[in-house]
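Written out below as structure tokens is the structure these notes cover.
In my numbering, the protein residues as written are 2 to 718.
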């Protein structure tokens, strides 16, 4: 919405958050190992981020000082980041064998129903290649009723007023991780998690095919479906290909005959658990709700989330980024040994080489063989000098890595793009029906059936909740199951909230609201309170007003630091504690920060210290400036600066001090000059608005709002 102008000042219909940065410093904190250091301050209601910076000096054992700093940032109030004034919410009312019944509620940020809103629906049917487009209008309750939606897998709505598009997947009631490459034992049962999407389907309507890798042998008779699992049994050691018609995944099964880990040649396989974790079903009983699970391990824990509306983003997609253990396969290789090329030698030379190392027996009088006698030589031996040839390009051998690990592939969600982007819808109007969560529920075992389950009491469920989301997690997998609760209540009817079966939304709109027949605008005022005892400022409508009192130099310094965003001003934080410093500390600061501005501060704040230490130093200066003559009260040397050519080159502070020095003679002249200068200055209303809101933001860190006595204060409201 564009900014509206009223009497030259901007006024917004919707409040904008400018993310003004407010700084507050706390000095002289007592740090001890025996107790915690606690700093108290009031948190603003509209604060979005808190950054804590701790700076100190630590004295080492050798006597030197070391600067230590630590910072940490906290994000707050990040729930309402949406700039949309209208939103659509999906409410599943019934998902069973007879019908899939949904409703879409179009409302404002405060939960108020929006009537007669034109919307465009895009419905995706699992038997149609193209989406079905429908134009519809919300009723007097802000609802769009969707019935007979059994084969609809995706619902998308576009709000005509804002062109905002929202999307929900209706075929992901059960989402489970399972492996694409599976390693199991020979003759062992394999359970692949699979949930029939439509409750009307049965085993007779689903066909399962199983072939070997050459598609030569058919093993479909060894495949069956039971309680949420596709079961394959009695397979021999071969590589099979399993294709379940209703599953879009391709599963490879490698049979081995070892436990946990299998070695076959250079390959090592990590065996896949025969049964993967899965939430099989949710059963609603009279007094409790029971969640049935399969593939449970001692590490399995279940989390339950009960909500009034369907979550916009699937919980499954939020968990998919977590680190999960996968069944891997590895290959171990060795580099081949390289030998030199063999060459032929003569019989005599071979005899000499072998005879030299032969065992000597007693009585052997034969002459020691040598190359000088050749009685048995039948082949000549050439002895030539071989010179090294010129070097050629070095041959690089490429071998397999010593260890190669192939990560197991996990089948994931069918809608990976549905991730939260931080633009969550505003749900504060559900204050009467907040979400309920149960964490880390351990699994129990039914001894009669051998099945695992977790239970919660029916009385702990909100009667106006429609959706129960169960999340099961163990050390390898996780499974998500979305169940539509069969409560007798129906969707909210704001026209008749007295019904016991109607959900009552919390009205978070401003009450009482502003009269639409009148015009309202924000007013910004700055009042100077010179004497808190006698002067008073009356704020007529204090409930809807914001006020900030600047009662000390510390508040002004903090505001100036926030506006300039200059961290170097922290070095000057001692100014608002000047009266608490000793003379030695004051002299130390004076020597470090000696300047005209600092001298002027001491002149106004601590006149005895100025007359004792600063004034003699200024008198001894050889080259004096305008401020030096002003401190000394030397009007004779100040008078040349009254020349117009020189006066207009001075800064604002120098002009003000010069006019103050000659206020008795030239009061009217200087008053006219500054008035005309002020009138010629171009006023920026947006800059003034930003500065005013930043000053008001300082109030959030003040612990007391009362005016102190005998102080000059400035009240902004």
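Note that CB positions come from ideal geometry on N, CA and C, so glycine has one too.
Report all residues from its chain with a CB closer than 6 angstroms to the CB of residue 555; omit the five preceding and five following residues, and keep chain order. 577
Look at the alpha carbon of residue 524 and the alpha carbon of residue 693, and state the distance between them as a whole number of angstroms. 11 angstroms
Below 8 angstroms on the Cβ atoms is my contact criterion, and I expect residue 177 with residue 155 to pass it. Report the Cβ-Cβ distance as a whole number of Å. About 20 angstroms separates the two Cβ atoms, so there is no contact after all.
Taking all protein chains shown into account, decide if residue 489 is buried (16 or more other Cβ within 10 angstroms of its Cβ) or exposed. Only weak support is given to the placement of residue 489: the predicted model assigns it a pLDDT of 44, under 50, and the question is left unresolved by the model.
Assuming the contact rule is C-beta atoms closer than 8 angstroms, residue 115 and residue 139 should be a hit. Round their C-beta distance to whole Å, please. 6 angstroms
Could you please give the first and the last residue of the uninterrupted alpha helix (DSSP H) stretch that includes residue 631? 627-633
Tell me the DSSP secondary structure of residue 361 in three-state form. coil
DSSP puts residue 604 in a beta bridge; with which residues? DSSP, once it has assigned bridges, lists no residue as partnering residue 604.
For residue 307, does the count of other Cβ atoms within 10 angstroms reach 16, so buried, or fall short, so exposed? buried
My assumption, with CB atoms under 8 angstroms, is that residue 305 sits in contact with residue 439. Please give the rounded CB distance. 4 angstroms
Quick one: grab the DSSP three-state call for residue 484. strand
Exposed or buried, residue 499, counting other C-beta atoms within 10 Å across all chains shown (16 or more means buried)? Any reading at residue 499 needs caution, since the residue's pLDDT is 36, under 50, leaving its predicted position unreliable; the model's value is listed next. It counts as exposed.
Let me know the secondary structure DSSP gives residue 526 once reduced to three states. coil
Cα separation between residue 1 and residue 183? Nothing about residue 1 can be read from this structure; the chain reaches only from 2 to 718.
Beta-carbon within less than 6 angstroms of residue 57's beta-carbon, same chain only, minus the 5 sequence neighbours each way: which residues are those? 69
What is the rounded straight-line gap between the Cα of residue 144 and the Cα of residue 106? 5 angstroms
To the nearest whole angstrom, what separates the beta carbons of residue 316 and residue 481, a pair I think is in contact under 8 angstroms? 6 angstroms
DSSP three-state call for residue 208: helix, strand or coil? coil
Taking the alpha-carbon of residue 509 as reference, which of 294, 433 and 685 has the nearest alpha-carbon? 433
When the Cα atoms are used, what is the spatial distance from residue 574 to residue 53? 17 angstroms
With DSSP as the reference, please indicate the residues paired to residue 168 in a beta bridge. 157
Thinking C-alpha only, which one of 611, 643, 647 and 314 is nearest residue 470? 314
Using 10 angstroms around the beta-carbon of residue 631, count the other beta-carbons present and answer buried if the total reaches 16, otherwise exposed. buried
Mind checking whether residue 88 and residue 120 have CB atoms under 8 angstroms apart? no
When you compare each of 517, 536 and 185 to residue 276 by their alpha carbons, which one comes out closest? 185
Cα-Cα separation between residue 730 and residue 76, rounded to whole angstroms: Residue 730 lies beyond the stretch modelled for the chain, which goes from 2 to 718, so this question has no answer here.
Pull up the distance between the alpha-carbon of residue 230 and that of residue 158, whole angstroms please. 34 angstroms
One question on the structure: do residue 427 and residue 49 come within less than 8 angstroms of each other, judged by their Cβ atoms? no
Residue 674: first and last residue of the uninterrupted alpha helix (DSSP H) it sits in: 664-681
Rounded separation between residue 564 and residue 690 - CA only: 13 angstroms
Between the beta-carbon of residue 1 and the beta-carbon of residue 211, is there less than 8 angstroms? With the chain covering 2 to 718 only, the question about residue 1 has no answer from this structure.
Let's test the definition: count the other Cβ atoms within 10 Å of the Cβ of residue 38 and tell me whether it reaches 16, buried, or not, exposed. exposed
So what does residue 227 bridge to, in DSSP terms? 230
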